[in-house]
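Letter by letter, the sequence shown follows residues 1 to 232 of full-length UniProt numbering.
Below you'll find the structure, written out as structure tokens, and then a few comments.
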Amino acid sequence: MEWIIDTQLLVKLGLSSALGAIIGLERELKRKPAGLKTSLVISIISCLLTIVSVESVYRYPGSSDVNITMDPLRLAAQIVSGIGFLGAGVILHRANDSISGLTTAAMIWGAAGIGIVVGAGFYSTAIAGVIMLLLAVEILPGIIRLVGPKRLQERLLYIKIMTTSHHNVQDIVKAIEHEDINVKRVHIRYIEAKHAHLIELTAGVYFKRQTTQVYCTISEISDIQHVEIEEP
């Protein structure tokens, strides 16, 4: 039994931990379900399994009597497919028919990939990958919002409005659109117990516009008794 610890292996695990922590902190700061601890576990274990997969080829080369061809990354390849169950766990289907968590699921998959890359010994590639990943998630969307088309400068809001007026439902929607709120989807249903109409809107507003400002603007429209606004 060998107890000597290779310094290079510790460097791999340390670098994988650091890069995984960077990815995890980005999700943690946004209050996403898979944060620092999840990303750390994924990147460290992915790196560890890749090290075992590669090193075992040289440690157990086989014998001259039996010709065995070993794939040094066979075990690591299973990490990519096996991480899918974690990604599926953070993808949520909301009541308003929207999907959230896709970016977090992709970041989980990315943390596993970074662990594999470090475990295989490609240090500079892993560091460059994390930098590009953070640029793509944090910096690029802001640049696109500033210089891109108007549609990309919007952020979505889910708005619920309660009104007891039976004649001004269409006028209410038009009044909302008049306030520079781009209504993309409308769902209306009548709540018999309250004798009121519930109007559910998916709307786009300028990304710098405060949600509280939108709330106050809609609340001031006549015939509206109740307003709820949710950000995705």
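Each residue gets a CB set at the ideal place from its N, CA and C atoms; glycine is no exception.
With a threshold of 16 other CB atoms inside 10 Å of the CB of V11, please say whether the residue is buried or exposed.
-> Along the sequence shown, read from residue 1 onward, the residue named residue 11 stands at position 11. With fewer than 16 other Cβ atoms within 10 Å, it is exposed.
Does the region 196-213 touch the region 124-133, meaning 3 or more C-beta pairs lie closer than 8 Å?
-> Cβ pair count under 8 Å is below three, so no.
Could you check the C-alpha separation between G204 and R155 for me, to the nearest Å?
-> By 1-based counting over the sequence shown, the position of residue 204 is 204. By 1-based counting over the sequence shown, the position of residue 155 is 155. Going by the C-alpha atoms only, they are around 5 Å apart.
Leaving out five residues on either side along the sequence, give the residues of the same chain with a beta carbon under 7 Å from the beta carbon of E177.
-> In the sequence shown, counting from the first residue as 1, residue 177 sits at position 177. So the qualifying residues of the chain are V183.
Identify whether E26 lies in helix, strand or coil by the three-state DSSP scheme.
-> Locating residue 26 in the sequence shown gives position 26, where the first residue counts as 1. Reduced to three states, the DSSP call for E26 is helix.
Sequence-distant residues of the same chain with beta carbon closer than 7 Å to G110, five excluded per side | Against the sequence shown, residue 110 aligns to sequence position 110. Counting only Cβ-Cβ distances below 7 Å, and skipping sequence neighbours, we find I23, L133.
Would you tell me roughly how many angstroms separate the C-alpha atoms of L19 and E231, rounded to the nearest one?
-> Working through the sequence shown from its first residue, we reach residue 19 at position 19. Working through the sequence shown from its first residue, we reach residue 231 at position 231. One C-alpha to the other measures close to 30 Å.
Extent of the continuous alpha helix (DSSP H) run through T50 | Residue 50 sits at position 50 when you count from the first residue of the sequence shown. In the DSSP assignment, T50 falls within the alpha helix (DSSP H) that extends over 36-59.
Kindly indicate which three-state DSSP category L73 falls into: helix, strand or coil?
-> Taking the first residue of the sequence shown as 1, we reach residue 73 at position 73. Three-state result, L73: coil.
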